[in-house]
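Asker: There's a structure below that I have some questions on.
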Amino acid sequence: MTKKLAQAPKIGSQGTLPTAGLEKAQRKSKPRVVKPAYGERPPSDKVAGRMSGTQENAPRSRRSKQAQDPPRQAFEPVSGRTATSAHLPADRSGREHLSSIARAAKPSPVPDTQRAVQALMDDYGQFSDEESLRPVPRRNPLSTQEPTAGESSLTVTLKSKLVRRMRRLLGGRGWTGLGWDWPFELSDPKLYGKPAGTMPHNAPPRTKLGRGCWKFLIYLQSLFEDAPRAGDLTEQNKWLSEKSSQIDKTFKSIDTMVRKISEEYLAVVGDSDNLINDNMELRLAMVKDLMEYIIPMLVSVLQTIFFLGGADTDEDFKPAFREEGTFTDSTLGCLAKAVGWIFSLERALSEELKRRPLDPSSDEESSDGEGRREKKAKDGRQKAKANLRKRRLRLGAYVGEFRRNIATAYDSLDATATKEERRRQTTARQKELDETRLKEEKAEEEERQRRWQAMCQSTQRMRHAPNPLSEKWRKTEAFDAGTAAYRLASQKAASQTVARHNGSSQPTARPLTRVDREPPRPASGRWPPWREEDSLWVLTQLRSRERRPDLRVWADVLERDVEDVWQEVEVLKQSWRSLARERGVEVEPWARA
């Protein structure tokens with residue numbers, strides 16, 4: 030080949046690929062032979078042979094450039110953990126700084142975790158910050174504001190079956206080949222007693238962009254490993270709110286690199302403006318990085334995010350899947366992000382595998398010459414290749430189905446949120462109506478109490494005040510008693526007079542005379558107007574058949590003039606006759622005369 034991996038065009042702010050901060054310091058000095066530290070692997074014989082042949086045949090300027098940029102450098106995780114503990118759970122040893130790796134490999138000084146991450150963000154932040162390819166979360170998965178109580182209580186469940194199938198698939202041949210525990214062995218080859226250098230994943234990815242993406246994924250996984258699980262949604266939402274800035278920056282950087290890989294590195298030859306996709310050596314290296322590092326690491330990140338919905342602990346104290354997880358709107362958005370990255374890269378990888386066969390020099394497809402092999406052996410190799418490709422393409426079906434499950438979960442969450450919002454509105458309206466009703470009932474009760482108090486006070490006043498009608502009746506009864514005594518005395522005097530007239534001529538005593546008491550007439554000749562109770566009392570006396578009308582008695586009771594009483598009686602009689610004619614009834618006897 031005339032185009033080699035070391036001769037790939039530099040792509041930065043004007044189309045050159047930036048170099049991570051960990052490699053810039055090493056390029057300033059001449060390359061030196063360094064014994065691989067724990068967790069590293071030297072280049073394989075085939076790759077080393079190709080690279081050495083390339084340097085011998087390349088011009089002097091190219092050889093010097095290749096010497097300054099060795100393709101396989103020691104890997105130091107950005108997350109701040111050593112290569113042996115980058116994938117361990119948070120409670121196991123894994124909080125070491127990059128200085129331990131630097132002392133082991135003796136390269137130039139390495140910045141600490143935060144500075145290394147910031148350097149990577151500065152480099153890859155030169156690309157666009159637009160969203161990645163499908164599927165994009167329907168809303169921002171992380172918010173700088175803590176969700177309300179109503180929003181944080183809305184959850185949806187997802188089955189873990191597809192995530193378990195992805196993990197099992199990527200542990201087999203055609204992908205990592207590390208078995209079920211590949212997420213832990215991917216960066217920790219000696220964790221299960223296997224010596225360093227015997228694992229296929231004891232060195233970083235081949236391409237610079239692959240190494241940068243891999244480091245960001247390890248950093249993102251280390252963040253989510255420390256997040257609270259779904260058992261305490263309040264603490265989980267609080268943690269996501271606190272870490273939203275770091276996670277959002279990492280999301281944008283990974284978005285940029287995923288889009289760079291799918292749209293430029295693995296684009297159809299001739300469809301892109303730059304010449305990256307025309308470098309077949311670089312395309313093959315990127316394909317291998319996707320199969321062995323980036324896509325498996327994305328699935329590992331997806332698994333870690335899925336554990337936010339709830340996880341058990343296995344016998345080795347590692348997180349284990351439950352049948353289903355419980356997710357909020359924020360954690361579901363993080364899942365959608367990770368699935369979107371896997372979907373984009375898996376689609377690009379599938380198209381690349383369909384366009385051309387794998388490099389025959391690869392480990393699984395190496396050949397000593399098909400012409401010297403028998404047809405049966407050739408058919409066996411072709412069948413093995415087809416099986417490997419089939420296993421690699423099977424991931425797309427799992428990812429597509431899981432994306433549909435996430436879309437269904439979003440719909441369910443939206444429906445639940447809408448229903449919850451309607452319920453809150455109905456509850457608010459009912460509460461407002463209840464408050465209005467309580468206010469009205471309180472006002473009515475206060476009005477009843479006020480009327481009751483007024484009635485009680487009026488009753489007390491009436492109880493202690495003299496009754497005018499009772500006073501009139503008392504006067505009437507007293508006057509009637511006086512009249513009866515007067516008549517009795519008059520009759521007795523008259524009988525004595527008659528007896529003496531018959532038996533003796535001596536004059537008798539003067540009979541008792543009644544002194545008429547009439548109230549004085551006012552100076553104006555007019556009496557005050559009649560009160561309603563006085564007129565009612567006179568009307569009652571007129572309609573009573575037990576008593577004969579006695580105007581003098583009535584005048585004395587009412588303390589009015591007899592003529593005034595007589596005029597009132599005439600007015601009452603005339604009014605009664607008029608009322609009887611209007612109603613068409615017979616006039617009572619007392620009102621006829």
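Taking this note's numbering, I'd label the letters of the sequence shown as residues 30 to 622. Glycine residues also receive a C-beta, built at the ideal position from the N, C-alpha and C atoms.
State buried or exposed for L565, treating a residue as buried only when at least 16 other CB atoms are found within 10 Å of its CB.
Answerer: Answer is exposed; the Cβ neighbour count stays below 16.
Asker: Is it true that the segment 258 to 267 meets the segment 235 to 248, where meeting means three or more beta-carbon pairs spaced less than 8 angstroms apart?
Answerer: They do not touch, by the three-pair rule.
Asker: If you run the structure through DSSP and keep just helix, strand and coil, what is P325?
Answerer: Helix at P325.
Asker: Output the distance between the C-alpha atoms of W209 and A446, rounded to the nearest integer angstrom.
Answerer: Between W209 and A446, the C-alpha separation is close to 38 angstroms.
Asker: Just to confirm before moving on: does the CB-CB distance between R432 and V330 stay below 7 angstroms?
Answerer: Taking 7 angstroms as the Cβ cut-off, R432 and V330 do not qualify as a contacting pair.
Asker: Could you check if F350 is buried or exposed, using at least 16 other CB atoms within 10 Å of its CB as the buried criterion?
Answerer: F350 should be labelled buried.
Asker: Whose C-beta lies closer than 8 angstroms to the C-beta of L382 among residues of the same chain, with five residues either side of it excluded?
Answerer: If we look at L382 and ignore the five residues flanking it on each side, its Cβ neighbours are V316, R418, R421, L422.
Asker: Taking just the CA atoms, how far does L295 sit from R235?
Answerer: Their Cα atoms are separated by approximately 15 angstroms.
Asker: Less than 7 angstroms separating the beta-carbons of G239 and I324?
Answerer: Taking 7 angstroms as the Cβ cut-off, G239 and I324 do not qualify as a contacting pair.
Asker: Compare the Cα-Cα distances from E597 to each of R458, D585, D563, R572 and report the closest residue.
Answerer: Ranking the options by Cα distance to E597, first place goes to D563.
Asker: On the three-state DSSP scale, how would you describe K468?
Answerer: It is helical.
Asker: Can you tell me which residues form a DSSP beta bridge with G354?
Answerer: Partner(s): L187.
Asker: Taking a contact to mean a Cβ-Cβ separation below 7 angstroms, would you say L187 touches A438 in this structure?
Answerer: In contact: L187 and A438 (Cβ atoms closer than 7 angstroms).
Asker: Which term fits S630, buried or exposed, when burial requires 16 or more other beta carbons within 10 angstroms of its beta carbon?
Answerer: The question about residue 630 has no answer here: the residues shown for the chain are numbered 30 through 622.
Asker: With DSSP as the reference, please indicate the residues paired to A349 in a beta bridge.
Answerer: The partner list for A349 (beta bridge, DSSP) reads D341.
Asker: Look at L374 and I334 and say whether their C-beta atoms are less than 7 angstroms apart.
Answerer: For L374 and I334, no; Cβs fall outside 7 angstroms.
Asker: Buried or exposed for A483, please, with buried defined as at least 16 other CB atoms from any protein chain shown within 10 angstroms of its CB.
Answerer: Its Cβ having fewer than 16 others within 10 Å, A483 is exposed.
Asker: Run the CB neighbour count on G339, radius 10 Å, all protein chains shown included, and call it buried at 16 or more, exposed below.
Answerer: Classification for G339: buried.
Asker: Nearest to W595 by alpha carbon, out of R606, W583, W605, S604?
Answerer: Out of R606, W583, W605, S604, W583 has the C-alpha closest to the C-alpha of W595.
Asker: With DSSP run on the structure shown, which of helix, strand or coil describes F156?
Answerer: Here the model assigns F156 a pLDDT of 36, short of 50, so the residue's position is not dependable and the matter cannot be decided.
Asker: Look up K272 in the DSSP assignment and say whether it is helix, strand or coil.
Answerer: Residue state, collapsed to three classes: coil.
Asker: Within this structure, are the beta carbons of L319 and W370 separated by less than 7 angstroms?
Answerer: Cβ atoms of L319 and W370: not closer than 7 angstroms.
Asker: From the DSSP output, in three-state form, read off P618 for me.
Answerer: Three-state DSSP puts P618 in a helix.
Asker: Give me, in chain order, the residues of the same chain whose beta-carbon lies closer than 8 angstroms to that of L580; leave out the 5 immediate sequence neighbours on both sides.
Answerer: Excluding residues within five positions, the ones whose Cβ falls inside 8 angstroms are V591, V594, W595, V598.
Asker: Taking the C-alpha atoms as reference points, what is the distance between W605 and V616?
Answerer: C-alpha separation (whole angstroms): 8 angstroms.
Asker: When the Cα of F346 is compared with those of F213, K190, R197, S607, which residue comes out closest?
Answerer: Among F213, K190, R197, S607, the Cα nearest to that of F346 belongs to F213.
Asker: According to DSSP, is L207 part of a helix, a strand, or is it coil?
Answerer: In the structure shown, L207 sits in coil (DSSP, three-state: anything other than H, G, I, E or B).
Asker: Short of 8 angstroms in beta carbon distance, which residues of its chain neighbour A609, apart from the five on each side in sequence? Order them along the chain.
Answerer: So the qualifying residues of the chain are E615, V616, E617, A620.
Asker: Please confirm whether V185 and F336 have their CB atoms less than 7 angstroms apart.
Answerer: It is not a contact, given that the beta carbons lie outside the stated cut-off.
Asker: Mind checking A103: buried by the 16 CB within 10 Å criterion, or exposed?
Answerer: Its pLDDT being 35, under 50, A103 is placed unreliably by the model, and nothing is read from it.
Asker: Given a cut-off of 7 angstroms on the beta-carbon distance, is the pair K366 and F280 in contact?
Answerer: It is a contact, given that the beta carbons lie within the stated cut-off.
Asker: Would you kindly check if the distance between the Cβ of S291 and the Cβ of A426 is under 7 angstroms?
Answerer: The answer is no: Cβ separation not under 7 angstroms.
Asker: Could you tell me the boundaries of the alpha helix (DSSP H) in which G246 lies?
Answerer: This sequence places Leu at residue 246; Gly is not what is there. 237 to 254 is the extent of the alpha helix (DSSP H) around L246.
Asker: Applying the 10 Å Cβ sphere with the 16-neighbour rule, what's the burial state of W481?
Answerer: Result: exposed.
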